[in-house]
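First the structure, in the form of C-alpha coordinates, and then the observations on it.
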Amino acid sequence: MTVPSGVSPPVALLFSEMRRLCVTYDEIQDSAGTTRATIKAWRRKNAPGLASLEACFNAVGYFFIPTPVLEIQPPEIAADMGALAAKMKLSMPEAFAALIDWTARQQNVALAADQNLAEITRRREAANDNAPRKRTAKHPAPTS
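Below you can see the structure in the form of C-alpha coordinates.
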(Lines of atoms letter the chains of each structure in order from A; the text may use other names.)
(Lines give C-alpha, C1' and ligand atoms only; values in the text may rest on other atoms or scores of the structure.)
Protein backbone atom coordinates (compact mmCIF):
# COMPACT_ATOMS: atom_id res chain seq x y z
CA MET A 40 0.00 0.00 0.00
CA THR A 41 1.39 3.37 -0.94
CA VAL A 42 1.14 6.51 1.14
CA PRO A 43 -0.89 9.09 -0.80
CA SER A 44 0.55 12.52 -1.45
CA GLY A 45 -1.39 15.70 -0.80
CA VAL A 46 -3.37 14.37 2.17
CA SER A 47 -3.38 15.66 5.73
CA PRO A 48 -0.58 14.46 8.05
CA PRO A 49 -2.90 12.23 10.15
CA VAL A 50 -4.18 10.46 7.01
CA ALA A 51 -0.62 10.02 5.72
CA LEU A 52 0.38 8.57 9.10
CA LEU A 53 -2.55 6.17 9.05
CA PHE A 54 -1.68 4.86 5.59
CA SER A 55 2.00 4.56 6.44
CA GLU A 56 1.13 2.55 9.56
CA MET A 57 -1.21 0.34 7.55
CA ARG A 58 1.67 -0.31 5.15
CA ARG A 59 4.21 -0.90 7.95
CA LEU A 60 1.91 -3.34 9.76
CA CYS A 61 0.70 -4.99 6.51
CA VAL A 62 -2.91 -4.27 7.48
CA THR A 63 -5.54 -4.43 4.74
CA TYR A 64 -8.54 -2.19 4.20
CA ASP A 65 -10.80 -5.11 5.14
CA GLU A 66 -9.01 -5.62 8.47
CA ILE A 67 -9.36 -1.94 9.29
CA GLN A 68 -13.01 -2.03 8.23
CA ASP A 69 -13.70 -4.98 10.53
CA SER A 70 -11.92 -3.59 13.58
CA ALA A 71 -12.73 0.12 13.18
CA GLY A 72 -16.27 -0.10 11.84
CA THR A 73 -15.45 2.28 8.99
CA THR A 74 -16.24 1.07 5.49
CA ARG A 75 -13.53 0.20 3.02
CA ALA A 76 -14.90 2.73 0.51
CA THR A 77 -14.69 5.51 3.10
CA ILE A 78 -11.05 4.75 3.89
CA LYS A 79 -10.13 4.53 0.21
CA ALA A 80 -11.84 7.88 -0.47
CA TRP A 81 -9.47 9.55 2.02
CA ARG A 82 -6.63 8.89 -0.42
CA ARG A 83 -7.99 11.33 -2.98
CA LYS A 84 -10.98 13.55 -2.38
CA ASN A 85 -12.59 13.18 1.03
CA ALA A 86 -11.38 14.40 4.39
CA PRO A 87 -12.04 11.99 7.27
CA GLY A 88 -14.33 12.75 10.15
CA LEU A 89 -12.84 12.73 13.63
CA ALA A 90 -14.73 9.64 14.81
CA SER A 91 -13.76 7.59 11.75
CA LEU A 92 -10.14 8.68 11.89
CA GLU A 93 -9.92 7.94 15.61
CA ALA A 94 -11.43 4.47 15.11
CA CYS A 95 -8.95 3.68 12.33
CA PHE A 96 -6.02 4.87 14.43
CA ASN A 97 -7.21 2.68 17.30
CA ALA A 98 -7.31 -0.26 14.88
CA VAL A 99 -3.59 0.16 14.12
CA GLY A 100 -2.65 0.69 17.78
CA TYR A 101 -2.64 4.49 18.06
CA PHE A 102 -4.53 6.92 20.25
CA PHE A 103 -5.70 10.10 18.54
CA ILE A 104 -5.38 12.52 21.45
CA PRO A 105 -5.30 16.32 21.31
CA THR A 106 -2.32 17.56 23.30
CA PRO A 107 -2.04 21.11 24.64
CA VAL A 108 1.14 22.99 23.78
CA LEU A 109 3.41 23.91 26.62
CA GLU A 110 2.77 27.64 26.23
CA ILE A 111 -0.94 27.50 27.11
CA GLN A 112 -0.52 25.38 30.24
CA PRO A 113 -0.30 27.06 33.65
CA PRO A 114 3.40 27.55 34.57
CA GLU A 115 3.33 25.20 37.56
CA ILE A 116 1.75 22.41 35.49
CA ALA A 117 4.05 23.03 32.53
CA ALA A 118 7.10 22.70 34.79
CA ASP A 119 5.80 19.47 36.31
CA MET A 120 4.88 18.07 32.88
CA GLY A 121 8.34 18.95 31.58
CA ALA A 122 9.99 17.21 34.53
CA LEU A 123 7.73 14.17 34.14
CA ALA A 124 8.40 13.94 30.40
CA ALA A 125 12.16 14.15 31.04
CA LYS A 126 11.92 11.47 33.74
CA MET A 127 9.93 9.21 31.39
CA LYS A 128 12.33 10.01 28.52
CA LEU A 129 9.38 11.01 26.35
CA SER A 130 8.41 14.09 24.42
CA MET A 131 5.77 16.32 25.97
CA PRO A 132 2.93 15.01 23.72
CA GLU A 133 3.97 11.42 24.46
CA ALA A 134 4.01 12.07 28.21
CA PHE A 135 0.62 13.77 28.01
CA ALA A 136 -0.79 10.81 26.04
CA ALA A 137 0.70 8.38 28.58
CA LEU A 138 -1.02 10.25 31.43
CA ILE A 139 -4.35 10.21 29.61
CA ASP A 140 -3.93 6.50 28.86
CA TRP A 141 -3.07 5.73 32.49
CA THR A 142 -6.04 7.75 33.74
CA ALA A 143 -8.40 6.00 31.31
CA ARG A 144 -7.09 2.59 32.39
CA GLN A 145 -7.58 3.47 36.05
CA GLN A 146 -11.15 4.57 35.35
CA ASN A 147 -11.81 1.31 33.47
CA VAL A 148 -10.38 -0.73 36.36
CA ALA A 149 -12.55 1.16 38.84
CA LEU A 150 -15.62 0.67 36.64
CA ALA A 151 -14.92 -3.07 36.31
CA ALA A 152 -14.48 -3.35 40.08
CA ASP A 153 -17.79 -1.55 40.66
CA GLN A 154 -19.52 -3.90 38.21
CA ASN A 155 -18.00 -6.95 39.91
CA LEU A 156 -19.15 -5.74 43.33
CA ALA A 157 -22.63 -5.05 41.98
CA GLU A 158 -22.78 -8.59 40.54
CA ILE A 159 -21.63 -10.11 43.85
CA THR A 160 -24.25 -8.08 45.71
CA ARG A 161 -26.94 -9.13 43.23
CA ARG A 162 -26.04 -12.81 43.64
CA ARG A 163 -26.01 -12.56 47.43
CA GLU A 164 -29.40 -10.90 47.46
CA ALA A 165 -30.79 -13.56 45.14
CA ALA A 166 -29.33 -16.39 47.27
CA ASN A 167 -30.71 -14.93 50.51
CA ASP A 168 -34.10 -13.98 49.16
CA ASN A 169 -36.68 -15.99 51.08
CA ALA A 170 -39.67 -14.04 49.86
CA PRO A 171 -42.66 -16.18 48.86
CA ARG A 172 -43.05 -16.55 45.14
CA LYS A 173 -46.22 -16.42 43.12
CA ARG A 174 -46.91 -19.76 41.46
CA THR A 175 -47.08 -19.85 37.70
CA ALA A 176 -49.41 -21.88 35.52
CA LYS A 177 -46.60 -24.33 34.87
CA HIS A 178 -46.34 -25.04 38.60
CA PRO A 179 -49.83 -24.48 40.02
CA ALA A 180 -50.41 -24.30 43.74
CA PRO A 181 -51.36 -27.62 45.30
CA THR A 182 -55.07 -28.03 45.92
CA SER A 183 -56.24 -29.62 49.16
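End of the sequence shown sits at 183 in my numbering; the numbers just go up one at a time, nothing left out.
Ideal Cβ positions, reconstructed from N, Cα and C, are used throughout, including at glycine.
Counting along the chain, where does the alpha helix (DSSP H) carrying LEU92 start and finish?
Taking the first residue of the sequence shown as position 1, residue 92 is located at position 53. Counting along the chain, the alpha helix (DSSP H) containing LEU92 begins and ends at 89-98.
Alpha carbon to alpha carbon, how far is LEU109 from MET120? Give it in angstroms, no decimals.
Start at 1 with the first residue of the sequence shown, and residue 120 comes out as number 81. Start at 1 with the first residue of the sequence shown, and residue 109 comes out as number 70. Looking at the two C-alpha atoms, the distance is approximately 9 angstroms.
Indicate the three-state DSSP secondary structure (helix, strand or coil) for GLN154 in the structure shown.
Along the sequence shown, one-based indexing puts residue 154 at 115. In this structure, GLN154 counts as helix in the three-state DSSP scheme.
If you follow the alpha helix (DSSP H) that GLY72 is in, where does it begin and where does it stop?
Translated into the one-based positions of the sequence shown, residue 72 becomes position 33. Where GLY72 is concerned, there is no enclosing alpha helix (DSSP H), given that its DSSP letter is neither H nor E.
By how many angstroms is the C-alpha of ASN147 removed from the C-alpha of THR160?
Position 121 of the sequence shown, counting from 1, holds the residue named residue 160. Position 108 of the sequence shown, counting from 1, holds the residue named residue 147. Each residue's Cα considered, the two are about 20 angstroms apart.
Run the proximity test for LEU109: is its beta-carbon closer than 8 angstroms to any non-hydrogen atom belonging to the ligand PLP?
As for the ligand PLP, it is missing from this structure, which has no ligand bound.
Buried or exposed for ILE116, going by 16 or more other Cβ atoms inside 10 Å?
The residue given as residue 116 occupies position 77 in the sequence shown. Under this definition ILE116 is an exposed residue.
For the alpha helix (DSSP H) that PRO43 lies in, which residues bound it at each end?
Here residue 43 refers to the residue found at position 4 when the sequence shown is read from its first residue. Taken as a continuous stretch (DSSP letters only), PRO43 belongs to no alpha helix (DSSP H), as it is neither H nor E.
Any idea what DSSP makes of ASN85, helix, strand or coil?
Here residue 85 corresponds to residue number 46 of the sequence shown, with the count starting at 1. Looking at ASN85 - three-state DSSP - the assignment turns out to be coil, as it is neither helix nor strand.
Once DSSP output is grouped into helix, strand and coil, what is the label at LYS128?
Position 89 of the sequence shown holds residue 128. Of the three classes helix, strand and coil, the one that applies to LYS128 here is coil, per DSSP.
Output yes or no for whether 9 angstroms exceeds the beta carbon distance between LEU60 and VAL99.
The count along the sequence shown starts at 1 and reaches residue 60 at position 21. The count along the sequence shown starts at 1 and reaches residue 99 at position 60. Yes. Within cutoff.
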